[in-house]
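> Residue numbers (my numbering): 41 to 776.
For glycine and all other residues, C-beta sits at the position ideal for the given N, C-alpha and C.
Printed below as a string of structure tokens:
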């Protein structure tokens, strides 16, 4: 790992603090120092190694038992000796399993954080070797914040080139553990070793999480490999694309966190091709419209798969749009401003590997030919800044030498799309009254335990307010639910939707409401009814595809995701009785829907689905005809009333070793089309038996077969008139 100048400065300062702490400790009692040092070393050894360069998409920091021990050491021993415990334990634990420079840097970061936290504790009113609660709560808060900011700042910003992402929940837990351990150690120094079983338990928990994460990623990688291996020309395609993206991101100096996210997005970008027939992937000829449709759905299915896993959910949008173009003429036709910048990394890397690879219909291009092709399509197929940087990297040059200052700033935010702003109203305590009640109860109990009447009274008041708000929300939800039931009492679907839109505007301030009909394959839908200014339908359907299987009862997102008018977008899934997804009620409001409105909609979802969802069509009546016999050599489709003639001909062909499937049509055109399509799926030879006046219908059915089912039939669809010798005609045609 290459360290920056600031990192080396951190090492010098940190090691200096450790040495100074050791000199200070030489003139002080050593019992508490030794026992806290032993506890800190045990906690460090039991922790997962710092994730400096693991190749996994990573989140914010996790709870560290050793940080709690560091804080306890600072409280008990003071700033300098506490820094000695933190730095020495981290150095000894890491020096045996990491390069010395990395070990020294991380140990120095913790030593400096402990020193700063110690002085923060003193400035907050605390006193070394003394802790009284609740008197020292302010000092503890300052202690935790200073330790968090210095340690995370040095490790993430200086050492990892990261954007600082402080995990305040983990910091609060570490401060609580540190306070408890300090109280125990101040009572008796040997109590410091009680941290060892805690560290073991946390280590086991982290190990289980880490193993689960790795197994998930390995499973996704296996799926990616299966897709790559379905055709020789795409073998290891996703591995190469990931390498190109990784190389570009590193050359641009992106934070390690973003490099990992981009790399994994590239590695898993083709997962959706598992649903594409391998014959389509291997086909040398021009793809039919139906085949192109299945190919275009693959990126959306990839995003849908990735969205199901927390580790890869942030990359779903970039993966979904990796076949878009900068000029807006890609698979889904999205303009460049609606695409996450990360997707442009995948677009150029995917296209480059495709150009370089041998395909059945052409040899691969040379390096310079492929790069020249990318340069020729800058601004049309490829994002200008990303494409110029990619070409520079492939030619061994510094990418920033080819970019303007504006383009450089743009690329530094390549992974910004997953930093989604909080939805307006999502953190409103009025929407979570049970948390207010529980929090008030905790405060009241703490007040009783500490003998502080005012604290107990304040907590009791908060708990009472929370219970009142919860009861009020339930009452209002009941009223809205009765209003929804009244809205659904009408018979006409459009009228029901109109009244529902009025109700949602009244109770949730919704300024746009729509009804989405969902396709049976789950990979798209369309706006059926809408009121108000709608967002981009393509972006809306992409979001619904990604989230449809998330198991959330009510989906929510922001305008940041959809690129539409500002507000919070919500979608209520509507399911049929067999649990199949039929559609969504989608709306936009200024804030997250109030709790009582959400509860009312969720309580009425079955009734809404019965009235608004596009119900499955009833099976059409079959007055006559049907599947008369099954076979695989020949599909014989008879016009209404001619099934007997077709069956007689089939029996004659049976004696000659042919296996014939016979279908007699009826007066229902929809059923006829379905019957023909299903029948000819089993064979490449099709014959239509028609009457003297049935030529137009036979021609229509022949066109249906040719256009919608099988362009690779073994010969054209043949037609035989029933007034001729059907058996002789079939015998003549059986070998065509």
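#1: Is the CB-CB distance between residue 306 and residue 343 below 8 Å?
#2: What do you get for residue 309, buried or exposed, if any count of 16 or more other CB atoms within 10 angstroms of its CB means buried?
#3: DSSP on residue 609, reduced to helix/strand/coil?
#4: What runs of the alpha helix (DSSP H), each 4 residues or longer, lie entirely inside the segment 212 to 299?
#5: Can you tell me which of 317, 630, 513 puts its alpha carbon nearest to the alpha carbon of residue 337?
#6: How far does the alpha helix (DSSP H) with residue 553 in it extend, from its first residue to its last?
#7: Which of helix, strand or coil does DSSP assign to residue 37?
#8: When DSSP labels each residue in this structure, what does residue 542 get in the three-state scheme?
#9: Does the count of Cβ pairs from the segment 134 to 143 and the segment 246 to 253 closer than 8 Å reach three?
#10: What three-state label does DSSP hand residue 622 in the structure shown?
#11: Hey, would you say residue 103 sits closer than 8 Å to residue 247, going by beta carbons?
#12: Could you tell me whether the segment 74 to 88 touches the segment 122 to 131, using the rule of 3 or more Cβ pairs below 8 Å?
#13: Any contact of the segment 375 to 386 with the segment 414 to 421, i.e. 3+ C-beta pairs under 8 Å?
#14: On the three-state DSSP scale, how would you describe residue 66?
#15: Would you list the one or two residues that DSSP bridges to residue 181?
#16: Drop a sphere of 10 angstroms on the beta-carbon of residue 165, count the other beta-carbons inside from all chains shown, and report buried for 16 or more, exposed for fewer.
#17: Between the alpha carbons of residue 690 and residue 760, how many angstroms are there, rounded?
#18: Kindly list the residues whose CB is nearer than 6 Å to the CB of residue 159, restricted to its own chain and excluding five residues on each side of it in sequence; keep chain order.
#19: Restricting to runs no shorter than 3 residues, where is the beta strand (DSSP E) found entirely within the segment 560 to 593?
#20: Please report the distance separating the alpha-carbon of residue 47 from that of residue 185.
#21: Count the CB pairs spanning the segment 532 to 539 and the segment 553 to 573 that are closer than 8 Å, and state whether there are at least three.
#22: Give the DSSP-derived three-state secondary structure of residue 170 in the structure shown.
#23: Among 395, 83, 491, which residue has its Cα nearest to the Cα of residue 175?
#24: Taking all protein chains shown into account, do 16 or more other C-beta atoms lie within 10 angstroms of the C-beta of residue 501, making it buried, or fewer, making it exposed?
#25: For residue 597, which residues does DSSP report across the bridge?
#26: Select from 362, 433, 600 the residue whose C-alpha is nearest the C-alpha of residue 293.
#27: Out of curiosity, what's the CA-to-CA distance linking residue 55 and residue 162?
#28: Based on DSSP bridge pairs, tell me the residues matched to residue 402.
#29: Pull up the CB-CB distance for residue 586 and residue 239, whole angstroms please, since I reckon it's below 8 Å.
#30: So is residue 258 buried or exposed if we call it buried at 16+ other beta carbons inside 10 Å?
#31: Under the three-state reduction of DSSP, which class applies to residue 777: helix, strand or coil?
#32: Answer yes or no: do residue 314 and residue 366 have a C-beta to C-beta separation smaller than 8 Å?
#33: Can you tell me whether residue 422 is helix, strand or coil according to DSSP?
#34: For residue 483, which residues in the same chain have their Cβ closer than 6 Å to its Cβ, ignoring the five residues on either side in sequence?
#35: What residue ranges within the segment 358 to 402 form continuous alpha helix (DSSP H) runs of no fewer than 4 residues, ordered along the chain?
#36: Just the Cα atoms here: how many angstroms apart are residue 53 and residue 116?
Walking through what the data contain:
#1: no
#2: buried
#3: strand
#4: 235 to 269, 277 to 291
#5: 317
#6: No alpha helix (DSSP H) contains residue 553, which is instead part of the beta strand (DSSP E) from 552 to 558.
#7: In the structure as shown, the chain begins at 41 and stops at 776. Residue 37 is therefore absent and cannot be evaluated.
#8: helix
#9: no
#10: strand
#11: no
#12: yes
#13: no
#14: coil
#15: Looking at the DSSP assignment, residue 181 forms no beta bridge with any residue, so it has no partner.
#16: exposed
#17: 13 Å
#18: 119
#19: 565 to 571
#20: 22 Å
#21: yes
#22: strand
#23: 491
#24: exposed
#25: 609
#26: 433
#27: 23 Å
#28: 399
#29: About 39 Å; that fails the 8 Å criterion.
#30: exposed
#31: The structure shown does not extend to residue 777, since the chain is modelled only from 41 to 776, so the question has no answer here.
#32: no
#33: strand
#34: 499
#35: 381 to 396
#36: 23 Å
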